[in-house]
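Engineer: Chain order of the listed sequences is A and B. In terms of full-length UniProt numbering, the first sequence is residues 1 to 158. In terms of full-length UniProt numbering, the second sequence is residues 1 to 424. Even for Gly, the Cβ is constructed at its ideal location relative to N, Cα and C. One structure, as structure tokens, below. Some questions next.
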Amino acid sequence: MRINKIAILLLAVALSACGGKGNSGQQQSEPTKQTSGNAVTETKSASADMSNHPGKKVYDSVCLACHMADGSGVPGMHPPLIDTDWVTGDKERLIKITLEGLSGKIEVKGEVYNSLMPPHSHLSDKQIADVLTYIRKSFGNNASEVTKEEVQNVRNDS
Amino acid sequence: MKKLAYFVLLTLLAVSCGQENAPENHTLHPDNDNGGLTLPEGFSALVVADNVGRGRHIEVNENGDIYVSLRQNDGNRGIACLRDTSGNGKADIIEYAGEHTGTGIKLHNGYLYFGADSAVVRYPMQEGELKPGNSWELIARGFPQEGQHEAKPMEFDGQGNMYVTIGAPSNACMEQMRTKGSPGMDPCPILDYAGGIWKVDENSLNQHYLEDGERYATGIRHAVATRWNNQVGELYAVQHGRDQLHQFFPEMYTTEESAELPAEEFFLVTEGSDFGWPYCYYDHLQNSKVLAPEYGGDKTIQERCENKKPPIMAFPGHMAPNDLLFYTGGMFPEKYKNGAFIAFHGSWNRAPEPQEGFFVVFVPFDGENPSGDWEVFADGFAGTEPVNSTGDAEYRPCGLAQGPDGSLYVVDSNKGKVWRIIHS
Numbered sequence: 001m002r003i004n005k006i007a008i009l010l011l012a013v014a015l016s017a018c019g020g021k022g023n024s025g026q027q028q029s030e031p032t033k034q035t036s037g038n039a040v041t042e043t044k045s046a047s048a049d050m051s052n053h054p055g056k057k058v059y060d061s062v063c064l065a066c067h068m069a070d071g072s073g074v075p076g077m078h079p080p081l082i083d084t085d086w087v088t089g090d091k092e093r094l095i096k097i098t099l100e101g102l103s104g105k106i107e108v109k110g111e112v113y114n115s116l117m118p119p120h121s122h123l124s125d126k127q128i129a130d131v132l133t134y135i136r137k138s139f140g141n142n143a144s145e146v147t148k149e150e151v152q153n154v155r156n157d158s
Numbered sequence: 001m002k003k004l005a006y007f008v009l010l011t012l013l014a015v016s017c018g019q020e021n022a023p024e025n026h027t028l029h030p031d032n033d034n035g036g037l038t039l040p041e042g043f044s045a046l047v048v049a050d051n052v053g054r055g056r057h058i059e060v061n062e063n064g065d066i067y068v069s070l071r072q073n074d075g076n077r078g079i080a081c082l083r084d085t086s087g088n089g090k091a092d093i094i095e096y097a098g099e100h101t102g103t104g105i106k107l108h109n110g111y112l113y114f115g116a117d118s119a120v121v122r123y124p125m126q127e128g129e130l131k132p133g134n135s136w137e138l139i140a141r142g143f144p145q146e147g148q149h150e151a152k153p154m155e156f157d158g159q160g161n162m163y164v165t166i167g168a169p170s171n172a173c174m175e176q177m178r179t180k181g182s183p184g185m186d187p188c189p190i191l192d193y194a195g196g197i198w199k200v201d202e203n204s205l206n207q208h209y210l211e212d213g214e215r216y217a218t219g220i221r222h223a224v225a226t227r228w229n230n231q232v233g234e235l236y237a238v239q240h241g242r243d244q245l246h247q248f249f250p251e252m253y254t255t256e257e258s259a260e261l262p263a264e265e266f267f268l269v270t271e272g273s274d275f276g277w278p279y280c281y282y283d284h285l286q287n288s289k290v291l292a293p294e295y296g297g298d299k300t301i302q303e304r305c306e307n308k309k310p311p312i313m314a315f316p317g318h319m320a321p322n323d324l325l326f327y328t329g330g331m332f333p334e335k336y337k338n339g340a341f342i343a344f345h346g347s348w349n350r351a352p353e354p355q356e357g358f359f360v361v362f363v364p365f366d367g368e369n370p371s372g373d374w375e376v377f378a379d380g381f382a383g384t385e386p387v388n389s390t391g392d393a394e395y396r397p398c399g400l401a402q403g404p405d406g407s408l409y410v411v412d413s414n415k416g417k418v419w420r421i422i423h424s
């Protein structure tokens, strides 16, 4: 099972690496629809190969359970991390959400979520910088990286 | 073709046997692909509607009109009203009514009761009209503001009482919500106002559920699937078990164990029952209600859980039972009579293992208890296998209803697709 998973990930990464640059910058674009079809997650275009990025390890142990391996989230429960300004936009807001958590109604890609994300201030500045860089450059996203210093600044301000 | 002939014949027979309230269904044809569903031999399905919105639960009136509760809708018109005027089973009128969104929806004594997440209200049904009237009344209020497990299904016992699940806005009553290392609160203060089923009067207006109602059962984390069984006069519920055993206790649970555990528990809910949440969970591999790790559990010790009420059946973890129905119709074969159908919405908390559920199961019953093992009844909703991320599932079964002719209706939560399953 584990091996399968890795194979699928590798394949997805290989596919995305072949995809060339689709969206550039942080512009919102139409999300890649993943409907039914074969088991391999056929994504995405712009992301770099992030399979060895240190943020992936943090993501897999902390975020994946709710936001899923491919960042697609859970309909009606956990918002997707794909192609949304919440992830690829304002870094300070993103860092703050990670540190402090989030509750109450929010809208992500036209869908209302009223769920609860716990705070993750127990993670180090480096872990948060890594994981946020990872999500900003994975799942078809291609936004700038988040540095340890940026996390530190937001943490100190709050 | 042969099936079809049998079906038409049977239908004609059924109609001639004089089910007075049933709509004329002599032109009812199953879809060639059964609407994408896989069903046991002899069953078929047709798609009633493709896309009524974010469907939750479903009710069918004696005249065949269908009502679907919606989780989200522009203008909060969270009641989708469907009518088939041509008798082919397809809804040709779809209208939206109401001023609430939510999950619970139940036709009862000339009203359409609606479980908005924060209250239970009722709309008056109007003779001959598809849509209920606008002048709703507040029945039960005061529910906690919840960012999780906020669905409010309700049931009626025929004695004037209404039962409402108040899900716990919590995973395992940890001091810090869903945070690794945070201990479980003991006693869990949430149980005073949630994590159970409350009983209120079905007709009194403006009742505060804590002041005017009484707690009927406790230790239930969340149960969207509830049903009063009229045959035995008891309430049943299927619980959403707790999440994230591996995430919070990686040294104790592997990802595989955490995907499988704990069981989703099927409860016979009698007055005063305590099923053990948050202190206990059910391990269906050991057939034991064990102490939760937040309360000092080690995967096997029971301690206080020995005295908690066990389930009547247990299912693999996280499959999210979202509706329960006891079949009393005359259309399906004898084995289904008085048995239970359960719609499993499909999991999210099995990642990184593949997700499971996304099907409707059947549990045979004899009296108050199951008389055999569960089996998958309707499958194929997800449209893909395996489902790695929950969002990959095209459709997710969420609500069940029985039609006046004995058809079984299923509604999906992604797009609000409605199927009608028939037997011929």
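1. Roughly how many angstroms separate the alpha carbons of G181(B) and P293(B), rounded to a whole number?
2. Mapping DSSP to helix, strand and coil, what is I93(B)?
3. Of the residues E211(B), G403(B) and I422(B), which one's Cα is nearest the Cα of D65(B)?
4. Please tell me whether G357(B) has its Cβ less than 9 Å away from any Cβ of chain A.
5. Opposite residue 425(B) in the DSSP bridges: which residues?
6. Tell me which residues share the same chain as L9(B) and place their Cβ nearer than 6 Å to its Cβ, disregarding the 5 neighbours each side in the sequence.
7. For E41(B), count the other beta carbons within 10 Å of its own beta carbon; 16 or more makes it buried, fewer makes it exposed. Which is it?
8. Would DSSP call G37(A) helix, strand or coil?
9. By Cβ distance, which residues of its chain are closer than 8 Å to V154(A), with the 5 residues on each side in sequence left out?
10. Since Y281(B) contacts P250(B) with CB under 8 Å, what's their CB separation in whole angstroms?
11. Since D90(A) meets chain B, which of its residues come closer than 8 Å, beta carbon to beta carbon?
12. Could you check whether the Cβ of T165(B) sits closer than 9 Å to any Cβ belonging to chain A?
13. Could you check whether N32(B) and K417(B) sit closer than 9 Å to each other, using their CB atoms as the reference points?
14. Rounded to whole angstroms, what is the Cα-Cα separation between K137(A) and V146(A)?
15. If you drop the 5 nearest sequence neighbours on each side, which residues of the same chain put their C-beta closer than 7 Å to that of Q27(A)?
16. Please confirm if P75(A) has its CB atom under 9 Å from at least one CB of chain B.
17. Give the single residue among V387(B), K308(B), I301(B) and F332(B) whose Cα lies nearest to the Cα of T270(B).
18. Closer than 6 Å by C-beta to N73(B): which residues in its own chain qualify, once you throw out the five before and the five after it? Chain order, please.
19. In this structure, how does DSSP classify V58(A) when only helix, strand and coil are distinguished?
20. What residues from the stretch 228 to 256 of chain B come within 7 Å of chain A, judged by C-beta to C-beta, listed N to C?
21. Run down chain B in chain order and give the residues with a C-beta less than 7 Å from the C-beta of L116(A).
22. Which residues in chain B sit within 7 Å of S138(A), going by Cβ to Cβ distance?
23. Does DSSP classify N171(B) as helix, strand or coil?
24. Hey, quick one: how far does the alpha helix (DSSP H) through C63(A) stretch, first residue to last?
25. Below 8 Å between beta carbons is the criterion; list the residues of the stretch 378 to 392 of chain B that meet it against any residue of chain A, in chain order.
26. Just reading off the beta strand (DSSP E) that F341(B) is part of, what are its end residues?
27. Buried or exposed: where does G297(B) fall if 16 or more other Cβ atoms within 10 Å of its Cβ makes it buried?
28. Who pairs with residue 434(B) in a beta bridge, going by DSSP?
29. Taking the continuous beta strand (DSSP E) assigned at S371(B), which residues delimit it?
30. Excluding the 5 residues preceding and the 5 following Y113(A) in the sequence, name in chain order all residues of the same chain whose CB lies nearer than 6 Å to its CB.
31. In whole angstroms, what is the alpha-carbon distance linking Q244(B) and G233(B)?
32. Is the CB of R420(B) under 9 Å away from at least one CB in chain A?
Structural biologist: Checking against the coordinates, here is how it stands:
1. As a working mapping, residue 181(B) is identified with position 181 in the second sequence. As a working mapping, residue 293(B) is identified with position 293 in the second sequence. Whole-angstrom Cα-Cα distance: 10 Å.
2. Reading the second sequence from its first residue, position 93 is the one you call residue 93(B). Strand at I93(B).
3. As a working note, residue 65(B) is residue 65 in the second sequence. Answer by Cα proximity: G403(B).
4. Numbered from its first residue, the second sequence carries residue 357(B) at position 357. Not an interface residue.
5. What is shown of chain B runs 1 to 424, which leaves residue 425(B) out entirely.
6. Here residue 9(B) refers to the residue found at position 9 of the second sequence. The pLDDT assigned to L9(B) is 45, lower than 50, so where the model puts this residue is not dependable, and the model offers no usable value.
7. As a working mapping, residue 41(B) is identified with position 41 in the second sequence. Residue burial is scored here from C-beta neighbours: E41(B) has fewer than 16 other C-beta atoms within 10 angstroms and is therefore classed as exposed.
8. Residue numbering aside, residue 37(A) sits at position 37 when the first sequence is read from its first letter. Only weak support exists for where G37(A) lies, its pLDDT of 38 falling under 50; the coordinates are left without a value.
9. Residue 154(A) sits at position 154 when you count from the first residue of the first sequence. Correct list, in chain order: E92, I95, K96 and L99.
10. Start at 1 with the first residue of the second sequence, and residue 281(B) comes out as number 281. Start at 1 with the first residue of the second sequence, and residue 250(B) comes out as number 250. About 17 Å; that fails the 8 Å criterion.
11. Locating residue 90(A) in the first sequence gives position 90, counting from the first residue. The contacting residues do not exist; D90(A) stays about 23 Å from chain B at best.
12. Numbered from its first residue, the second sequence carries residue 165(B) at position 165. Using a CB distance cut-off of 9 Å, T165(B) does not count as an interface residue toward chain A.
13. On the second sequence, residue 417(B) is found 417 positions in, with the first residue counted as 1. On the second sequence, residue 32(B) is found 32 positions in, with the first residue counted as 1. K417(B) places its beta carbon 9 Å or farther from that of N32(B).
14. In the first sequence, the residue the question calls residue 137(A) occupies position 137. In the first sequence, the residue the question calls residue 146(A) occupies position 146. K137(A) and V146(A) have their C-alpha atoms some 10 Å from each other.
15. Here residue 27(A) refers to the residue found at position 27 of the first sequence. Unreliable placement is indicated for Q27(A), whose pLDDT of 35 sits below 50; no coordinate value is reported for it.
16. Within the first sequence, the letter at position 75 stands for residue 75(A). Yes, because at least one Cβ of chain B sits closer than 9 Å to the Cβ of P75(A).
17. Within the second sequence, numbered from 1, the residue matching residue 270(B) stands at position 270. Nearest neighbour of T270(B) by Cα position, chosen from V387(B), K308(B), I301(B) and F332(B), turns out to be K308(B).
18. What you label residue 73(B) is simply residue 73 of the second sequence in a count that begins at 1. Excluding five sequence positions before and after N73(B), the CB atoms of its chain that fall closer than 6 Å to its own CB belong to G53 and T101, given in chain order.
19. Residue mapping note: residue 58(A) aligns to position 58 of the first sequence, counting from 1. In the structure shown, the three-state DSSP call for V58(A) is helix.
20. In summary, the residues of the stretch 228 to 256 of chain B whose CB is separated from some CB of chain A by less than 7 Å are Q244 and Q247, in the order they occur in the chain.
21. For the purposes of this step, residue 116(A) is taken as residue 116 along the first sequence, with counting starting at 1. In chain order: G147, Q148 and M177.
22. Walking along the first sequence from the start, residue 138(A) turns up at place 138. Simply none; closest approach about 14 Å.
23. Mapped onto the second sequence, residue 171(B) falls at position 171. N171(B) falls in the coil class under three-state DSSP.
24. Counted from its first residue, the first sequence places residue 63(A) at position 63. Run containing C63(A): none; DSSP gives neither H nor E here.
25. So the list reads A382, G383, T384, E385, P386, N388, S389, T390, G391 and D392, given in the order they occur along the chain.
26. Walking along the second sequence from the start, residue 341(B) turns up at place 341. Note, F341(B): beta strand (DSSP E), A340 to F344.
27. Along the second sequence, one-based indexing puts residue 297(B) at 297. Buried.
28. Since the first residue of chain B shown is 1 and the last is 424, residue 434(B) is not available in this structure.
29. Translated into positions along the second sequence, residue 371(B) becomes position 371. No beta strand (DSSP E) holds S371(B); DSSP gives it neither H nor E.
30. Within the first sequence, numbered from 1, the residue matching residue 113(A) stands at position 113. Once the five neighbours on either side are set aside, the close Cβ partners of Y113(A) are P79 and I106.
31. Against the second sequence, residue 244(B) aligns to sequence position 244. Against the second sequence, residue 233(B) aligns to sequence position 233. In a straight line, the C-alpha of Q244(B) is about 36 Å away from that of G233(B).
32. In the second sequence, counting from the first residue as 1, residue 420(B) sits at position 420. Among the residues facing chain A, R420(B) is not included, as its CB has no counterpart in that chain under 9 Å away.
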